[in-house]
Each structure stands twice: as C-alpha cells, then as structure tokens.
Amino acid sequence: MKAFIISIGLIAMTIMAIAQNHKSFYDFKTTTIDGQPFDLASLKGKKVLVVNTASKCGNTPQYEQLEALYKKYGGEKFTIIGFPANNFLSQEPGTNDQIKAFCTKNYGVTFTMMSKISVKGKDQDPIYKWLTSKEENGEMDAPVKWNFQKFMIDENGHIAGVVDPGTSPMTDQIVNWIEEK
Numbered sequence: 615m616k617a618f619i620i621s622i623g624l625i626a627m628t629i630m631a632i633a634q635n636h637k638s639f640y641d642f643k644t645t646t647i648d649g650q651p652f653d654l655a656s657l658k659g660k661k662v663l664v665v666n667t668a669s670k671c672g673n674t675p676q677y678e679q680l681e682a683l684y685k686k687y688g689g690e691k692f693t694i695i696g697f698p699a700n701n702f703l704s705q706e707p708g709t710n711d712q713i714k715a716f717c718t719k720n721y722g723v724t725f726t727m728m729s730k731i732s733v734k735g736k737d738q739d740p741i742y743k744w745l746t747s748k749e750e751n752g753e754m755d756a757p758v759k760w761n762f763q764k765f766m767i768d769e770n771g772h773i774a775g776v777v778d779p780g781t782s783p784m785t786d787q788i789v790n791w792i793e794e795k
C-alpha cells in the first residue's frame with residue numbers, strides 16, 4: 615500500500631512538472647510589420663485575438679470586421695494582432711510594406727500587424743508552434759486550416775478557443791468572450 619501511495623505521488627509530481635513546462639503567450643517576442651521588436655508580455659491582462667491574415671484571399675474582407683471589432687472593444691482589456699502569412703495558395707505574396715499599405719488603404723486597419731511569418735510547415739514561426747500544438751500550449755491542438763483562423767488568448771496568456779477561418783470575427787463566440795468579465 616505504501617508503495618502504491620508513493621507511486622501515485624510521483625505520478626502527480628510528474629504531471630505537475632510537465633504542466634509547468636508549458637509556455638504562455640507572454641513568453642514570446644515577435645516583430646511588428648514596421649520591423650520593431652514586440653514583447654507579447656506587454657499584453658498581460660488583455661484578451662488577445664490572434665489572426666493569420668492574407669491580402670488575396672476570399673476571407674480578406676474580414677479585415678473590415680476585425681477593424682470594427684477593434685474599434686468597438688480595443689483598449690485596456692482587448693486587442694487584435696494580425697500575422698500576415700503566405701502559407702495558403704500564395705495569397706499573401708507582398709512585402710511587409712506592401713501588406714501594411716494594402717491594409718491601411720483598403721480597410722483602415724489600426725490594430726497591430728506583425729511581420730509576415732509562416733503559420734505552418736517546416737519554417738513555422740514559434741508563436742504558431744505554440745498556438746497550434748497541445749504539446750506546446752498545454753490546451754489543444756489547433757492546426758491552421760486557412761487564412762483568417764482566429765485564436766482567442768485569455769488575460770493569463772492561455773488559449774481560450776479557436777474560431778474557423780470562414781467565420782466572421784463578429785461571431786457571438788468572439789463577442790461574448792470579449793464581453794465576459
């Protein structure tokens with residue numbers, strides 16, 4: 615019986631150690647579309663909607679909805695971060711400068727846009743490795759299906775949910791999550 619209790623204790627300690635090894639969203643640094651370093655830890659305490667974007671996609675009009683969502687809720691408790699990526703049918707072929715100009719001119723984007731990255735494959739950016747892998751994030755596997763997949767990050771830097779690429783950013787799932795205390 616004593617050996618059984620010790621075994622249970624060791625298993626529990628191992629599980630806790632593994633769980634503590636998971637990073638949070640705040641453990642990553644990235645680069646803005648303007649080439650400036652950006653520490654995601656600066657977003658502690660905010661809900662963050664992370665979206666992989668593309669300028670030549672059927673979902674590209676979602677920029678307008680994302681901007682409306684940001685204008686309505688953005689501030690101390692919520693923000694949006696866009697990560698341009700060219701992983702799906704070469705739908706984001708532009709440079710960072712071209713992407714920024716496109717987003718500003720066509721959709722008036724004011725939420726934070728990051729430098730173009732890869733969201734899947736051998737050259738997948740570390741933040742997307744974390745977002746898409748339960749082994750990394752401790753919550754869920756959520757491979758990126760297409761442009762404009764939305765990851766909801768809670769105030770503590772953990773994944774709170776994922777919304778499919780074709781779903782509007784104004785969906786009740788996202789709005790209710792932003793509004794809940």
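In terms of my numbering, the numbers along the sequence shown are unbroken and rise by one, the last being 795.
Cβ coordinates follow ideal geometry from the N, Cα and C atoms, glycine included.
Computed from a predicted model, the values in this text were never measured in an experiment.
Check                                                                                                                                                                                 : Outcome
Per DSSP, what kind of secondary structure is Phe-725 in: helix, strand or coil?                                                                                                      : coil
Are the beta-carbon atoms belonging to Thr-667 and Phe-716 less than 8 Å from one another?                                                                                            : no
How is Asn-761 classed by DSSP in three states: helix, strand or coil?                                                                                                                : coil
To the nearest whole angstrom, what separates the beta carbons of Lys-661 and Phe-692, a pair I think is in contact under 8 Å?                                                        : 5 Å
Go through its chain and collect everything with a Cβ distance to Asp-648's Cβ below 8 Å, but skip five positions before and after it.                                                : Asn-710 and Lys-714
Might you give, ordered along the chain, the residues of its own chain that have their beta carbon closer than 6 Å to the beta carbon of Tyr-684, omitting 5 neighbours on each side? : Ile-694 and Phe-725
Please report the distance separating the alpha-carbon of Ala-633 from that of Asn-751.                                                                                               : At Ala-633, the pLDDT of 47 sits below 50, so the modelled position is not reliable and the matter cannot be decided from this model.
The ligand COA heavy atoms versus the CB of Thr-667: any closer than 7 Å?                                                                                                             : For the structure depicted, the ligand COA is absent and the ligand set is empty, with no information on it obtainable.
Please report the residue range of the beta strand (DSSP E) in which Ile-773 lies.                                                                                                    : 773 to 777
Can Asn-700 and Phe-762 be called in contact, C-beta distance under 8 Å?                                                                                                              : no
Please name the residue or residues paired with Lys-661 in a DSSP beta bridge.                                                                                                        : Phe-692
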